[in-house]
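Read the structure below first, then the notes.
Number of protein chains: 2
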Amino acid sequence: MQHIPACGSLRNLLLTISYDGKEFHGWQIQQNAMTVQEAFQTALSKIIGDDFDVKGCSRTDSGVHANMYCISLKTEHPIKPERLKAALNRWLPLSIAVLDCKEVAPDFHARYSCTSKEYIYKIWNSEVRNPFLDGYALHYRYKIDENLLDKAAQAYVGRHDFTSFCTLDNREKGDMTRNVKAFSVTREGDLVTMKVEADGFLYNMVRIMVGTLLRIQQGKIAPDEIPSIIEKKNRKYSGPTAQACGLYLNRVNYENDNSSQKGVNTDV
Amino acid sequence: MQHIPACGSLRNLLLTISYDGKEFHGWQIQQNAMTVQEAFQTALSKIIGDDFDVKGCSRTDSGVHANMYCISLKTEHPIKPERLKAALNRWLPLSIAVLDCKEVAPDFHARYSCTSKEYIYKIWNSEVRNPFLDGYALHYRYKIDENLLDKAAQAYVGRHDFTSFCTLDNREKGDMTRNVKAFSVTREGDLVTMKVEADGFLYNMVRIMVGTLLRIQQGKIAPDEIPSIIEKKNRKYSGPTAQACGLYLNRVNYENDNSSQKGVNTDV
Numbered sequence: 001m002q003h004i005p006a007c008g009s010l011r012n013l014l015l016t017i018s019y020d021g022k023e024f025h026g027w028q029i030q031q032n033a034m035t036v037q038e039a040f041q042t043a044l045s046k047i048i049g050d051d052f053d054v055k056g057c058s059r060t061d062s063g064v065h066a067n068m069y070c071i072s073l074k075t076e077h078p079i080k081p082e083r084l085k086a087a088l089n090r091w092l093p094l095s096i097a098v099l100d101c102k103e104v105a106p107d108f109h110a111r112y113s114c115t116s117k118e119y120i121y122k123i124w125n126s127e128v129r130n131p132f133l134d135g136y137a138l139h140y141r142y143k144i145d146e147n148l149l150d151k152a153a154q155a156y157v158g159r160h161d162f163t164s165f166c167t168l169d170n171r172e173k174g175d176m177t178r179n180v181k182a183f184s185v186t187r188e189g190d191l192v193t194m195k196v197e198a199d200g201f202l203y204n205m206v207r208i209m210v211g212t213l214l215r216i217q218q219g220k221i222a223p224d225e226i227p228s229i230i231e232k233k234n235r236k237y238s239g240p241t242a243q244a245c246g247l248y249l250n251r252v253n254y255e256n257d258n259s260s261q262k263g264v265n266t267d268v
Numbered sequence: 001m002q003h004i005p006a007c008g009s010l011r012n013l014l015l016t017i018s019y020d021g022k023e024f025h026g027w028q029i030q031q032n033a034m035t036v037q038e039a040f041q042t043a044l045s046k047i048i049g050d051d052f053d054v055k056g057c058s059r060t061d062s063g064v065h066a067n068m069y070c071i072s073l074k075t076e077h078p079i080k081p082e083r084l085k086a087a088l089n090r091w092l093p094l095s096i097a098v099l100d101c102k103e104v105a106p107d108f109h110a111r112y113s114c115t116s117k118e119y120i121y122k123i124w125n126s127e128v129r130n131p132f133l134d135g136y137a138l139h140y141r142y143k144i145d146e147n148l149l150d151k152a153a154q155a156y157v158g159r160h161d162f163t164s165f166c167t168l169d170n171r172e173k174g175d176m177t178r179n180v181k182a183f184s185v186t187r188e189g190d191l192v193t194m195k196v197e198a199d200g201f202l203y204n205m206v207r208i209m210v211g212t213l214l215r216i217q218q219g220k221i222a223p224d225e226i227p228s229i230i231e232k233k234n235r236k237y238s239g240p241t242a243q244a245c246g247l248y249l250n251r252v253n254y255e256n257d258n259s260s261q262k263g264v265n266t267d268v
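For the protein sequence lines, the chains are R and A, in the order given.
Position 49 (the first sequence) corresponds to 49 in the UniProt record's numbering; numbering is contiguous.
Position 119 (the second sequence) corresponds to 119 in the UniProt record's numbering; numbering is contiguous.
Here is the structure:
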């Protein structure tokens with residue numbers, strides 16, 4: 001992806017959105033399936049025509065949600081940011097909302113300028129399912145010891161080669177090292193939330209981290225085994241990829257450009 | 001509705017359920033529209049056949065949700081309560097969950113034995129909609145003063161004739177007096193929640209109470225005007241009926257039979 005040089009009236013806008021991913025096949029446009037990017041660009045073209053270039057802050061999988069997701073938009077159209085936000089919120093489906101829209105420096109890029117991202121993973125931890133969380137949290141029937149898992153998960157923190165926590169396909173090439181800044185497992189009533197921040201994530205990395213913690217809960221992986229799983233650099237030693245429905249991109253951080261960014265709070 | 005006398009092996013069961021009402025046309029069976037009662041009875045008949053009599057604790061409107069809803073079930077089938085709960089949770093759609101099932105006295109009736117009910121009404125109070133609350137909260141763009149409305153709403157509390165807060169149709173006959181035990185308006189971030197407990201509710205009563213408070217917010221009804229609206233006993237002086245989507249039956253109380261009842265918490 002190349003940065004289009006700023007010249008003449010070319011503008012660069014940063015849009016912060018939130019979306020319910022249940023009915024979408026992820027962010028990135030693909031044939032024969034509705035994606036967030038396609039819905040977004042369809043609405044955008046009704047407002048400013050087809051002269052634009054849109055970059056999302058990350059690929060997200062089918063069924064994954066976003067409390068906060070960032071998009072950079074290059075266009076020569078002179079529409080004011082506040083008007084674009086309002087117009088998009090009229091044209092977009094109800095499952096996508098534009099929270100913020102503002103001008104940014106010409107070299108800003110939603111994906112490459114990002115310094116870190118935070119994901120949360122929601123688990124409804126009760127014998128009986130929650131009818132309001134179908135598609136919005138993993139339903140896990142057996143009692144989770146959140147303190148045990150929180151302690152075990154601290155082994156994820158730090159700069160590691162996360163090959164063991166990556167679905168290998170053609171997407172991931174080169175350096176598999178990522179810097180995990182924090183990982184927490186907390187409980188509020190029957191809802192267990194895992195939260196992880198890192199400078200970047202490999203394909204399926206959060207979902208495999210969660211799946212591995214659930215294997216620890218089940219006694220199939222020892223609580224102190226995560227360091228040796230990391231060291232093996234082999235996907236077969238980690239746990240299964242947890243379902244997409246519990247995963248939310250929660251926060252996207254940019255250097256010097258973070259103060260006004262705020263996602264929606266789905267903890268309500 | 002008459003109480004079927006307990007005789008021989010006739011049993012009386014109390015089932016506590018929760019449901020996402022977005023796709024249902026309320027509780028009560030009707031032609032040409034899917035209701036919670038129909039979905040429930042369809043699942044039930046797969047487990048115990050057609051020999052049963054089901055009574056719900058209240059009618060609920062199309063699109064209204066229930067964190068807790070109670071059903072009494074008369075049947076001669078010998079199935080154990082725990083097994084019935086598990087089997088129903090396998091057969092029911094994911095939008096309905098059985099939280100509890102237990103034997104109760106022969107004269108218990110989900111509707112007539114009820115001593116009080118509590119409803120909550122959720123309002124997403126932000127300029128931008130929340131993509132996760134489409135169908136689960138009213139979206140209200142202009143800033144709500146929850147303290148102003150909480151204070152005004154205290155005039156609802158007490159034993160009053162609520163004719164002004166009732167949609168008149170053939171449903172409501174006789175005494176229009178209800179005893180409102182408590183009413184509160186609170187905020188958590190952008191979510192405003194109204195909560196009301198009463199010994200009973202007239203048709204659309206909560207939604208008209210909410211609509212009237214929103215008219216007070218808009219300055220179209222004075223904050224101290226509720227007592228005189230009540231006194232007029234005329235629907236034309238109260239506010240509009242607020243949308244169904246924000247309304248949740250939250251708790252159903254029975255005398256001496258309340259300790260184990262607990263709904264799901266949708267505040268997550």
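A virtual CB, placed ideally from N, CA and C, is assigned to each residue, including glycine.
None of the values given here were measured: they were computed from a predicted structure.
Note to self: My output table needs one value for Ile17 of chain A: the three-state DSSP class, helix, strand or coil.
What the structure shows: Mapped onto the second sequence, residue 17 of chain A falls at position 17. Assignment of Ile17 of chain A by DSSP, reduced to helix, strand and coil, places it in the strand class.
Next item on the list: Give me the Cα-Cα distance between Ile120 of chain A and Thr16 of chain R, rounded to the nearest whole angstrom.
Entry: By one-based count along the second sequence, residue 120 of chain A stands at place 120. By one-based count along the first sequence, residue 16 of chain R stands at place 16. The alpha-carbon atoms of Ile120 of chain A and Thr16 of chain R are separated by roughly 31 Å.
Check: Expressed to the nearest angstrom, what Euclidean distance is found between the alpha-carbon atoms of Lys80 of chain A and Arg129 of chain R?
Finding: Walking along the second sequence from the start, residue 80 of chain A turns up at place 80. Walking along the first sequence from the start, residue 129 of chain R turns up at place 129. Those two C-alpha atoms are separated by around 20 Å.
Next item on the list: State the CB to CB distance for the pair Asp134 of chain A and Leu94 of chain R, rounded to an integer number of angstroms; the pair is presumed to be in contact (CB under 8 Å).
Entry: Counting from 1 along the second sequence, the entry for residue 134 of chain A is found at position 134. Counting from 1 along the first sequence, the entry for residue 94 of chain R is found at position 94. That belief holds up - the Cβ atoms of Asp134 of chain A and Leu94 of chain R are roughly 4 Å apart, short of 8 Å.
Notebook entry, point to check: Excluding the five sequence neighbours on either side, which residues of its own chain have a C-beta within less than 8 Å of the C-beta of Lys151 of chain A, listed in chain order?
Noted result: By 1-based counting over the second sequence, the position of residue 151 of chain A is 151. Taken in chain order, the residues that qualify are Pro223.
Check: Would Ile123 of chain A pass as a contact of Val196 of chain A if the rule is Cβ separation under 8 Å?
Finding: Locating residue 123 of chain A in the second sequence gives position 123, where the first residue counts as 1. Locating residue 196 of chain A in the second sequence gives position 196, where the first residue counts as 1. No, the pair does not count as a contact, with Cβ atoms beyond the cut-off.
Margin query: Less than 6 Å between C-beta atoms, sequence neighbours within five positions excluded: which residues of the same chain meet that for Ala87 of chain A?
Written below: For the purposes of this step, residue 87 of chain A is identified with residue 87 of the second sequence, where counting begins at 1. Here the set comprises Ile47.
Margin query: In this structure, how does DSSP classify Gln30 of chain R when only helix, strand and coil are distinguished?
Written below: Counting from one through the first sequence, the residue named residue 30 of chain R turns up at place 30. DSSP places Gln30 of chain R in the strand class (E or B) of the three-state scheme.
Check: Do His77 of chain A and Gly56 of chain A have their CB atoms nearer than 8 Å?
Finding: On the second sequence, position 77 is the one that residue 77 of chain A refers to. On the second sequence, position 56 is the one that residue 56 of chain A refers to. It is not a contact, given that the beta carbons lie outside the stated cut-off.
Notebook entry, point to check: Closest to Ile208 of chain A by CA distance: which of A:Arg11, A:Asn234 and A:Thr115 is it?
Noted result: On the second sequence, residue 208 of chain A is found 208 positions in, with the first residue counted as 1. Comparing Cα-Cα distances from Ile208 of chain A to each of A:Arg11, A:Asn234 and A:Thr115, the minimum goes to A:Asn234.
Next item on the list: Pull up the CB-CB distance for Ala198 of chain A and Arg178 of chain A, whole angstroms please, since I reckon it's below 8 Å.
Entry: In the second sequence, residue 198 of chain A corresponds to position 198, counting from 1. In the second sequence, residue 178 of chain A corresponds to position 178, counting from 1. 5 Å between Cβ atoms; contact.
Note to self: Once the 5 residues before and after Thr75 of chain A are set aside, which same chain residues still bring their CB inside 8 Å of it?
What the structure shows: Position 75 of the second sequence holds residue 75 of chain A. Closer than 8 Å at the Cβ level, and outside the excluded window around Thr75 of chain A, lie Leu10, Arg11, Leu13, Ile48, Asp51, Phe52 and Asp53.
Notebook entry, point to check: For the beta strand (DSSP E) that contains Asp107 of chain A, what are its first and last residues?
Noted result: Taking the first residue of the second sequence as 1, we reach residue 107 of chain A at position 107. First-last for Asp107 of chain A: undefined, no H or E at that position.
Note to self: For a quick check, are the C-beta atoms of Ala137 of chain A and Gly246 of chain A less than 8 Å apart?
What the structure shows: As a working note, residue 137 of chain A is residue 137 in the second sequence. As a working note, residue 246 of chain A is residue 246 in the second sequence. For Ala137 of chain A and Gly246 of chain A, yes; Cβs fall inside 8 Å.
Next item on the list: Rounded to whole angstroms, what's the CA-CA distance from Thr35 of chain A to Lys117 of chain R? Just pull it up for me.
Entry: Against the second sequence, residue 35 of chain A aligns to sequence position 35. Against the first sequence, residue 117 of chain R aligns to sequence position 117. Thr35 of chain A and Lys117 of chain R: Cα-Cα distance of roughly 42 Å.
Note to self: Taking CB distances under 8 Å as the criterion, tell me whether Ala97 of chain A reaches chain R.
What the structure shows: Residue numbering aside, residue 97 of chain A sits at position 97 when the second sequence is read from its first letter. Contact of Ala97 of chain A with chain R is assigned, a C-beta pair being separated by under 8 Å.
Next item on the list: Would you kindly check if the distance between the Cβ of Leu249 of chain R and the Cβ of residue 309 of chain R is under 8 Å?
Entry: Given that chain R is displayed from residue 1 to residue 268, the structure contains no residue 309 of chain R and the question cannot be resolved.
Next item on the list: Enumerate in chain order the residues of its own chain whose CB-to-CB distance from Ile4 of chain R is below 7 Å, with the five nearest sequence positions on each side excluded.
Entry: Indexing the first sequence from 1 puts residue 4 of chain R at position 4. With a pLDDT of 47 at Ile4 of chain R, under the threshold of 50, the predicted position of this residue should be treated as unreliable, and no value is reported.
Check: Ordered along the chain, which non-local residues of its own chain (more than five positions away) have a Cβ less than 6 Å from that of Asn253 of chain A?
Finding: For this step, residue 253 of chain A is matched to residue 253 along the second sequence. Around Asn253 of chain A: Thr115 and Ser116.
Next item on the list: Spell out whether any CB of chain A is found under 8 Å from the CB atom of Asn204 of chain R.
Entry: On the first sequence, position 204 is the one that residue 204 of chain R refers to. Chain A places no beta carbon closer than 8 Å to that of Asn204 of chain R, leaving this residue out of the contacts.
Notebook entry, point to check: Which residues of chain A have a Cβ atom closer than 8 Å to the Cβ of Gln94 of chain R, listed in chain order?
Noted result: Counted from its first residue, the first sequence places residue 94 of chain R at position 94. The displayed chain sequence assigns Leu, not Gln, to residue 94 of chain R. One finds Arg129, Pro131 and Asp134 in chain A with Cβ atoms closer than 8 Å to the Cβ of Leu94 of chain R, taken in chain order.
Next item on the list: Kindly give me the distance between the Cβ atoms of Lys232 of chain R and Ser164 of chain R, rounded to whole angstroms, as I take these residues to be in contact under 8 Å.
Entry: Working through the first sequence from its first residue, we reach residue 232 of chain R at position 232. Working through the first sequence from its first residue, we reach residue 164 of chain R at position 164. The pair is a contact, with the Cβ atoms about 6 Å apart (cut-off 8 Å).
Check: Quick one, which residues of the segment 162-190 of chain A are near chain R if we go by CB-CB under 9 Å, in chain order?
Finding: Those residues of the segment 162-190 of chain A that come within reach of chain R (Cβ to Cβ, closer than 9 Å) are Glu188, Gly189 and Asp190.
Next item on the list: Report yes if the CB atom of Ala33 of chain A is closer than 8 Å to the CB atom of Leu92 of chain A, and no otherwise.
Entry: Numbered from 1 along the second sequence, position 33 holds the residue referred to as residue 33 of chain A. Numbered from 1 along the second sequence, position 92 holds the residue referred to as residue 92 of chain A. Contact: no.
Next item on the list: Please go through the same chain and pick out, in chain order, the residues whose beta-carbon is closer than 7 Å to the beta-carbon of Gln2 of chain A, but skip the five residues on each side of it.
Entry: For this step, residue 2 of chain A is matched to residue 2 along the second sequence. At Gln2 of chain A, the pLDDT of 41 sits below 50, so the modelled position is not reliable; the number obtained from the coordinates is stated separately. Cβ within range, chain order: n/a, list empty.
Note to self: With a threshold of 8 Å between beta carbons, is Asp199 of chain R in contact with chain A?
What the structure shows: Sequence index remark: in the first sequence, residue 199 of chain R carries index 199 (1-based). With 8 Å as the cut-off, Asp199 of chain R does not count as an interface residue toward chain A.
Next item on the list: Assign Gly26 of chain A to one of two classes, buried (16 or more other C-beta atoms within 10 Å of its C-beta) or exposed (fewer than that).
Entry: In the second sequence, the residue the question calls residue 26 of chain A occupies position 26. Here Gly26 of chain A is buried, its C-beta having at least 16 other C-beta atoms within 10 Å.
Checklist line | Delimiting residues of the beta strand (DSSP E) encompassing Ser116 of chain A | finding: Taking the first residue of the second sequence as position 1, residue 116 of chain A is located at position 116. Note, Ser116 of chain A: beta strand (DSSP E), Cys114 to Trp124.
Checklist line | Spatially closest choice to Val206 of chain R from R:Phe24, R:Gln217, R:Asp175 and R:Gly239, by CA coordinates | finding: Position 206 of the first sequence, counted from the first residue, corresponds to residue 206 of chain R. Selection R:Phe24, R:Gln217, R:Asp175 and R:Gly239 evaluated against Val206 of chain R yields R:Gly239 as nearest (Cα-Cα).
Margin query: Which residue marks the beginning of the alpha helix (DSSP H) containing Phe40 of chain A, and which one marks its end?
Written below: Here residue 40 of chain A refers to the residue found at position 40 of the second sequence. DSSP places Phe40 of chain A in the uninterrupted alpha helix (DSSP H) bounded by Val36 to Ile48.
Item checked: Nearest-angstrom Cβ-Cβ length linking Tyr19 of chain R and Ile71 of chain R, presumed shorter than 8 Å -> Counting from 1 along the first sequence, the entry for residue 19 of chain R is found at position 19. Counting from 1 along the first sequence, the entry for residue 71 of chain R is found at position 71. Contact between Tyr19 of chain R and Ile71 of chain R does not hold, since their C-beta atoms are separated by about 11 Å, which reaches or exceeds 8 Å.
Margin query: Distance cutoff 8 Å, beta carbons only. Does Ser259 of chain A sit that close to anything in chain R?
Written below: Looking up residue 259 of chain A in the second sequence gives position 259. In this prediction, Ser259 of chain A scores a pLDDT of 43, lower than 50, which makes its location untrustworthy; no coordinate-derived value is stated.
Notebook entry, point to check: What did DSSP end up calling Met209 of chain A once you bin it into helix, strand or coil?
Noted result: In the second sequence, the residue the question calls residue 209 of chain A occupies position 209. Look at Met209 of chain A here: in three-state DSSP terms it is helix.
Check: From Glu83 of chain A to His109 of chain A, what does the alpha carbon distance come to, in whole angstroms?
Finding: For this step, residue 83 of chain A is matched to residue 83 along the second sequence. For this step, residue 109 of chain A is matched to residue 109 along the second sequence. It should be pointed out that residue 83 of chain A corresponds to Arg in this sequence rather than to Glu. The alpha-carbon atoms of Arg83 of chain A and His109 of chain A are separated by roughly 22 Å.
Notebook entry, point to check: Taking 8 Å as the CB-CB limit, is Asp20 of chain A close to chain R?
Noted result: Looking up residue 20 of chain A in the second sequence gives position 20. Flagged as an interface residue toward chain R: Asp20 of chain A, by a C-beta distance shorter than 8 Å.
Checklist line | Cβ pair Tyr203 of chain R, Phe183 of chain R closer than 8 Å | finding: For the purposes of this step, residue 203 of chain R is taken as residue 203 along the first sequence, with counting starting at 1. For the purposes of this step, residue 183 of chain R is taken as residue 183 along the first sequence, with counting starting at 1. Going by C-beta atoms, Tyr203 of chain R is not nearer than 8 Å to Phe183 of chain R.
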